[in-house]
Structures are given as C-alpha cells and as structure tokens.
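Each remark here refers to the structure printed beneath this line.
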Amino acid sequence: MKFEIKKLFASKLIIICLVLLFGFFVFFVVNAYKSREEVSEPYEKLISDISDVSDDSNSVLALLKEKSEQMTTDYYLNSEMYHSTKGEYGSTLADDMFLYRKAYNDAKKYFKTFPQNRIRLINDAMLTIIEEESKENPDKSIIALNQKAVDKYNRQIKMELKSTGDLFNTLYFFDNTYWDYALIAFIIMLTVRMFTLDYSTGAYQIVFSTPGGKKKLFLKQYFTLIASAVTIIALVSLCQIIFGYLFFGVNNLSLPLQMVEYFEFCPFTISIGEYYLIKFLCKTLFFILVITLTAALSIIFRKTMGAMSISLVVFVLPLMIITHYFMYTTGDNVNTISEQYRIYKALQAITPQGLLNLKTYFNAFDYLNILGVFIPRITCCITITVIVIILFFTIGLRRFAKPKR
Amino acid sequence: MKLKFENISKRYKTKKALNNINIELEEGIYAFLGPNGAGKSTLMNILAGIIKPSTGSIYLDGQNTVSMDKDFRKVLGYLPQSPGFYPNFTGYEIMKYFSVLKEADHSEKKINEMLEFVNLYDDRKKKYGAYSGGMKRRLGIAVALINDPQILILDEPTAGLDPKERIRFRNIISRISRNKIIIYATHIVSDVESIADKVILLKSGEIIEFGDTDKVIKNVENKIWLYDTDVDTAEKYTLEHSNAVAVKSGDIVKLRIVSETKPFEGAYNTDSTLEDVYMYYFNESGQEKENDSLV
Chain A
7 MKFEIKKLFA SKLIIICLVL LFGFFVFFVV NAYKSREEVS EPYEKLISDI SDVSDDSNSV
67 LALLKEKSEQ MTTDYYLNSE MYHSTKGEYG STLADDMFLY RKAYNDAKKY FKTFPQNRIR
127 LINDAMLTII EEESKENPDK SIIALNQKAV DKYNRQIKME LKSTGDLFNT LYFFDNTYWD
187 YALIAFIIML TVRMFTLDYS TGAYQIVFST PGGKKKLFLK QYFTLIASAV TIIALVSLCQ
247 IIFGYLFFGV NNLSLPLQMV EYFEFCPFTI SIGEYYLIKF LCKTLFFILV ITLTAALSII
307 FRKTMGAMSI SLVVFVLPLM IITHYFMYTT GDNVNTISEQ YRIYKALQAI TPQGLLNLKT
367 YFNAFDYLNI LGVFIPRITC CITITVIVII LFFTIGLRRF AKPKR
Chain B
39 MKLKFENISK RYKTKKALNN INIELEEGIY AFLGPNGAGK STLMNILAGI IKPSTGSIYL
99 DGQNTVSMDK DFRKVLGYLP QSPGFYPNFT GYEIMKYFSV LKEADHSEKK INEMLEFVNL
159 YDDRKKKYGA YSGGMKRRLG IAVALINDPQ ILILDEPTAG LDPKERIRFR NIISRISRNK
219 IIIYATHIVS DVESIADKVI LLKSGEIIEF GDTDKVIKNV ENKIWLYDTD VDTAEKYTLE
279 HSNAVAVKSG DIVKLRIVSE TKPFEGAYNT DSTLEDVYMY YFNESGQEKE NDSLV
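Respectively, the protein sequence lines represent chains A and B.
Using the numbering used here, the first residue of the first sequence is number 7, and each one after it goes up by one.
Using the numbering used here, the first residue of the second sequence is number 39, and each one after it goes up by one.
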C-alpha cells in the first residue's frame, strides 16, 4: 500500500489541490471564528448549580419559576439596587435575573413544551387512526404509518437542563455544500489519478503482465483511496467537533439530539454524539460511492479527462439539483406540503447525495411505505448507495486490467 | 521449453493486424523483423496478455497460457515498445515496486544487483522523470529481468538509444540468453544480427520467413550485388530505387543492390548480411519486394 500512496500523492498538482482544499477549510474556520458565540460561563454555572440541587425536572422548574418571578418583582421595586449590587453569577443582580429567566425558559422548553408537543403528535396520530378506522374502506397504510408514529414518539427522552451550544451554526460552517463540492472534486481527482496513472505513464503493459494479481492490485488501489478519503473526512469531522465546541459551545455530546431545537421532532432515540457519528459514517459511505463509481469509469475509459468529466457530472449535478430544491423549499414562500418539497424529499430518498445533507432526515417523522413496510427515508438512501457501490465495485473489478479486444 | 503460437489472428475493425500465425519457439534468441505496422507489437502484446487475439491460442509446453494465467506471467518478462514508469518514483523504488508485483526477490541486495547489471546503481536515487532515454530503457530491461523470466519479450528495445547504449544493451541480452526464449522485435537489423539464433520475418501480419539466422541470410546469397560507380550515378540510382544502398569509398561509390538478377553490366555478387535479407523482403516503405534490376 506504501507504493500506492506514493503513486497517489507524488504529484505537484495533487499537493497543490490538497493545499487549496486546506485553505478552503481554513476559510470556513475563520468565518466560523468571526461568527462565534461567547460561551456564557455564568449561565453554565447557574444551570450546573440548579442541576445539583435536584434531579427532578418538576422541582427544577418550580425552583427556577419561583426564583425568576421573585427577582422580576424585586427588580421593579428596587431596580437601582439590582444594577449596582454584584450578582451571584453575573456582574450585577440584574444579570442574575436575566440568567434565571433564560434558565427558566430553557427548562420550560425541555421539560414542558417538548413532552407536550410529543403528546400532541401522538394524539394526532391516534386520532387519525381512529378516523381512518371509522371509514367504510379504511386505508390500512395510513393506519400503519400513524401507528408507527405513535410507536416512535411514545418513548421517554431524558431531557436535561444543560447547554447544547449552537449545533446548527456548526453544521452551517463545517458541513456545507461548497465544502462538499470541493471534497467531491478532490476525491474524484485522486481516484482518476490512481486508476489512470498506469495508462498515462505507459506502465500498464508491464504492470498488467506481472503475476502480482490483478484483483490484488485493484483492491490495493481501491482501499488506498478509501483510506485516504476516510482520513480526510475523519480529520474534518474531528475539526467540526473541536471548533463546534470552541466557537459555538457544542458540548455534552451524550445529550439527546432532540435537545437541539431543529431536531425536536426527530423520531429516533439518539444522542448528539451518535448523530455526529452517523453523519461521519454516511459521509464516508457517500465518498466510498464516489470512489467506486469514478474508479469504474476510469477503468472503462482509461482516459483521465473522460473519467473526470463524467464523474463530476454524475456527482455534482444531482447534488446541485438537490441543493436547488433544498434552497427553494427553505425559502419564505414554500412550506413542507408544497410540491417542491415533495420532489426534494423524493430525490433525497433515491439519490445518494442526500447523505451529505443528513439533518433533513432527522428533523421529522420521515418514513417511506415500500410494499407495506415502513422504512426511514435515510435507510432507503443508504440501501440504494450500498447497492450502487456493490454494482460498480463488481464492474470495476471485472474490467480492471482486462485485455483489450 | 516450447512456446507455440497456434492460428493467432487479430483484427482491428477493418484492419487485419495478424493473420494466422503458427510458430513454435524453443530456447534461444528470436529476432522478429518487420517494418512498422507489420504486427510485431500486436503479437508481443498478445503474448503478454495485454490484448486478446481474435482467434487462436498460445501454449507453453502444451498448456494454454490464458488458463495458466498467473503461472505463465510468473515466467514472463516484458519490455514493451514504449514503456513508462511513474515520474516521481526513483529508479530504486520502481525496481522495488515491480519486484513486489512480480512476486520476485525484492531484497535490497537483489535490486541493487539488478541496477548494477544495467549500470544504473549510481543513479538509483534519481527520479525516473530525470532519467535520459537510455537510462529509462535500461531500467525497463532491469524491470523485465527482475523475476529471472524464462520468456523475455523485448519490443523495439533499442529505439531511441545511442550506438553506445545499443551495444551495451546487446551485450546484456547475450549474457542472459541461456535457457530462455527471448523474443526480440525490432526493425533495427544490426541490433540482432550478431545475437539472434533465429529470424522471423513478419509482413502485413503474416510470417514470410522463419529459420536459423545463417540459413535465412544464405537464402539471399546470390541476390546481393556490388557496383562501383561515381557519385552522381549512385545518387540518381538510390533516389529512384529503394533496393540499393550507396557506400562511399574514397572517390568511388559502391552501390549495394538487392536484386534477383544482375542489375548492371559490371556488377558483381557479394556476401549477404541480415540487413540484406531485410532489404530483400522489405523495401524502405515496407512494400512488397520487387525486381529492381533496371537502371
């Protein structure tokens, strides 16, 4: 594998592209740094103290309600003193009052609004089931789908009064479309180089007449590329976690994903850390697909430019289409019941590019009815991706170093 | 060891590159001679498994080389017409990489030995991209030989080499030829004249002559003529006829003419060489031989 790595990276062009890619990433880091939010240490200390007093959510709520109401009343009576006296957490008592208010609102959101919204979802689903069952010809799929919703949402999610930071901004800066475009282009370039280098240098005649085993050679080249891609993605993911923590206070990765506002209606019981892991795995799977398809094209074409152009069209064009729908459906005039949104969701289920925009699979109840079986849209997308990988891996392996007719 | 080509044909769309090749080779150096486009490289590529024949098979000691697969490639060494390696690898790294691919001894000692053999030891740490044409060719032969192959295919190995390099290369081939089948495809006759045991003449995809080098040379014995003349006549003749070579010797020019019959009054027979054989069968443009006996 050592020689395959050398074959891959011993090129000025590749090194320049790697440096450009790094520069591009630094650009996002700088932008994220500029938009960073100060982690409120007083607030962190306050909620930590409150959590120490009691584990019971009702007690915490009651305590915060009492404290914030009392401070608000006192503030109106003696505001001057509130602004001049040093607070327990903030620089003044007035700051403490705002911190208690914020803590109370957060606690209300986690311990009251969240369960209430879940109960409402379950009730709605059950009502739909009852309504459907009362019809003369009930639609069994509607009943089954709503039953699935009841099963998924009728679970205990343990919310805690802790800060989750700004996960959404972290994703915005380190997990965006432009970065994906750049990474796809780079991975395609690496793959094309690996599988056409023997042809472009003229070494193929000697390489393919050796007993080393064509399968072995293909696998060596293939896994060198996967190892390189996984290394890059892992490094970026690690940076995302580190900078997410440093700039946007994303910590407490063991907390439920539902604590992040955007994911309130996520039907899966996963933590923020698990979400990061799934995102890394899905991204890796997508880039394995990019490598596999580009490798197969390079083996078939044996020409650098042909393989590169087709691979870019295959990957970037659908990605742009999906992005277009995403941008469109998240615009002001479009809602989730619009036709465009329906098309976007349908595209996401069948095109592997959806794996790059993972958050939309996790923010709502998103199941597909396939022959009476309900499977999450993301499972459908992963299955299609795996099938395409296996298909093109087989094509690549069979066509690799095959004698010309 | 016997290598048998049986009914090998190759067709590229409308062009027939090889037509029903049937030969059997044993240990020795075989010179495949023919003009460009005669089908030499196609035949070499088929033997190396790079391209598939349209019809026919190759057998090594009775076993089909395609079904032998890895076992056949283990005894094969191949130096293609335009070999290339990775420009950012050093000579040593290329040797190491290919000895691993060839499942040969890839110890430092063996690689250095091979590099010394082709006189590249001092340049082993230089990048391949910085090698001269001759050095690249020598590295190619070292790669072809690293697994001590029983069958060595050399396709135009001296193309682009200077005379000194060509002599050096010829000596290398002579030294390693024992107990091997060496297939040496070229159109530079002088490269193989002194080392080839047998000659195979290939023209338009067909074998037109196959035999011991001496016998093939003897076949044209009475067809080589010398004629002493002046510069102007020689110049005029060589311009109009492709079967003659002018050799200047003082004020006199000796016209060396390949012809079935005496071309001029005063022309006399001389000893034939492999070059004459080539001239006899292929004129400059590789066209069919013709009787150029008229002045």
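Note that beta-carbon positions come from the ideal geometry of N, C-alpha and C, so glycine has one too.
Enumerate in chain order the residues of its own chain whose CB-to-CB distance from H269 (chain A) is below 7 Å, with the five nearest sequence positions on each side excluded.
According to the sequence shown, residue 269 (chain A) is Phe rather than His. Taken in chain order, the residues that qualify are L263, F368, N369.
Contacting positions in the region 88-100 of chain B - beta carbon closer than 7 Å to chain A
I88, I89, K90
6 Å Cβ shell around N83 (chain B) - same chain, five flanking residues per side excluded
I89
Is S170 (chain B) close to chain A, meaning its C-beta is less than 8 Å from at least one C-beta of that chain?
no
Any C-beta of chain B sitting closer than 8 Å to the C-beta of T216 (chain A)?
Yes, contact with chain B.
Anything in the region 159-193 of chain A with a Cβ closer than 9 Å to a Cβ of chain B? List those residues in chain order, please.
Residues of the region 159-193 of chain A with a C-beta atom less than 9 Å from some C-beta of chain B do not occur.
Starting from S304 (chain A), find everything on chain B with Cβ-Cβ shorter than 8 Å and list it in chain order.
Under the 8 Å cutoff, chain B gives no residues; its nearest Cβ is about 16 Å from S304 (chain A).
In chain order, each alpha helix (DSSP H) run of at least 4 residues that lies wholly inside the region 70-119 of chain A
For the region 70-119 of chain A, the continuous alpha helix (DSSP H) assignments of 4+ residues that do not extend past its boundaries occur at 85-90, 99-114, in sequence order.
Could you check the C-alpha separation between S417 (chain A) and N60 (chain B) for me, to the nearest Å?
Given a span of 7 to 411 for chain A in the structure shown, any question on residue 417 (chain A) remains unanswerable.
Rounded C-alpha distance that separates D204 (chain A) from V213 (chain A)
Pairing D204 (chain A) with V213 (chain A), the inter-Cα distance amounts to about 8 Å.
Could you list which residues in chain A have their beta carbon closer than 8 Å to that of S111 (chain B), in chain order?
Checking the sequence shown, residue 111 (chain B) turns out to be Arg, not Ser. The contacting residues are S215, T216, P217.
Looking only at its own chain, which residues have a Cβ that is under 7 Å from the Cβ of L261 (chain A), when we skip the five neighbours before and after it?
E166, K168, T170, S277, I278
How many angstroms separate the CA atom of G75 (chain B) from the CA atom of Y159 (chain B)?
36 Å
At the 8 Å Cβ level, is G72 (chain B) part of the contact set with chain A, yes or no?
no
At the 8 Å Cβ level, is V156 (chain B) part of the contact set with chain A, yes or no?
no
Span of the alpha helix (DSSP H) around L403 (chain A):
Counted as a single uninterrupted DSSP element, the alpha helix (DSSP H) harbouring L403 (chain A) occupies residues 383-405.
Bridge-paired residues (DSSP) for Q101 (chain B):
B:L98
Answer with yes or no whether the minimum CB distance from A86 (chain B) to chain A is below 8 Å.
yes
By the 10 Å Cβ neighbour count, where 16 or more other Cβ atoms means buried, how is K92 (chain A) classified, buried or exposed?
exposed
Short check: CB of L223 (chain A) to CB of K289 (chain A), under 8 Å?
With a cutoff of 8 Å on beta-carbon distance, L223 (chain A) and K289 (chain A) are scored as not near each other.
Shortest alpha-carbon distance to V36 (chain A) belongs to which of A:T357, A:L323, A:Q246?
Ranking A:T357, A:L323, A:Q246 by Cα distance to V36 (chain A) puts A:Q246 first.
Straight-line gap, K146 (chain A) to D112 (chain A) (C-alpha atoms, nearest Å)
Between K146 (chain A) and D112 (chain A), the C-alpha separation is close to 40 Å.
Pull up the distance between the alpha-carbon of L153 (chain B) and that of I211 (chain B), whole angstroms please.
15 Å
Just to check my reading of the structure: V315 (chain B) and I221 (chain B) have Cβ atoms closer than 8 Å, yes? What is that Cβ distance to the nearest angstrom?
No, V315 (chain B) and I221 (chain B) are not in contact; Cβ-Cβ is about 18 Å, not under 8 Å.
In the DSSP output, which residue or residues are listed as bridge partners for R294 (chain B)?
B:L264, B:V283, per the DSSP bridge assignment.
Taking the alpha helix (DSSP H) that S242 (chain B) belongs to, which residues open and close that run?
Premise fails: S242 (chain B) is in no alpha helix (DSSP H) and is neither H nor E.
Kindly list the residues whose CB is nearer than 6 Å to the CB of L70 (chain A), restricted to its own chain and excluding five residues on each side of it in sequence; keep chain order.
A109, Y110, A113
Would you call the region 243-251 of chain B in contact with the region 293-301 of chain B, where contact means no fewer than 3 C-beta pairs closer than 8 Å?
no
Following the continuous beta strand (DSSP E) through I46 (chain B), name the residue where it begins and the one where it ends.
From DSSP, the beta strand (DSSP E) with I46 (chain B) extends over 41-50.
What residues are listed by DSSP as bridge partners for A69 (chain B)?
B:Y222, B:V237
In terms of residue numbering, what span does the beta strand (DSSP E) encompassing I255 (chain B) cover?
No beta strand (DSSP E) contains I255 (chain B), which is instead part of the alpha helix (DSSP H) from 251-256.
Using the rule of at least 16 other Cβ atoms within 10 Å of the residue's Cβ for burial, across every protein chain shown, is V186 (chain A) buried or exposed?
Residue identity check: residue 186 (chain A) is Asp in the sequence provided, not Val. Looking at its Cβ environment, which holds 16 or more other Cβ atoms inside 10 Å, D186 (chain A) is buried.
With C-beta atoms as the reference, is D117 (chain B) less than 8 Å away from G72 (chain B)?
The residue you asked about is not Asp; residue 117 (chain B) is Leu in the sequence shown. No, Cβ-Cβ distance for L117 (chain B) and G72 (chain B) is not below 8 Å.
On a CA-only basis, which of B:P201, B:I219, B:V291, B:N102 is nearest E64 (chain B)? Give me that one, please.
B:I219
Roughly how many angstroms separate the alpha carbons of N150 (chain B) and K12 (chain A), rounded to a whole number?
21 Å
Is it the case that the Cβ atoms of P382 (chain A) and D372 (chain A) are separated by a distance below 8 Å?
It is a contact, given that the beta carbons lie within the stated cut-off.
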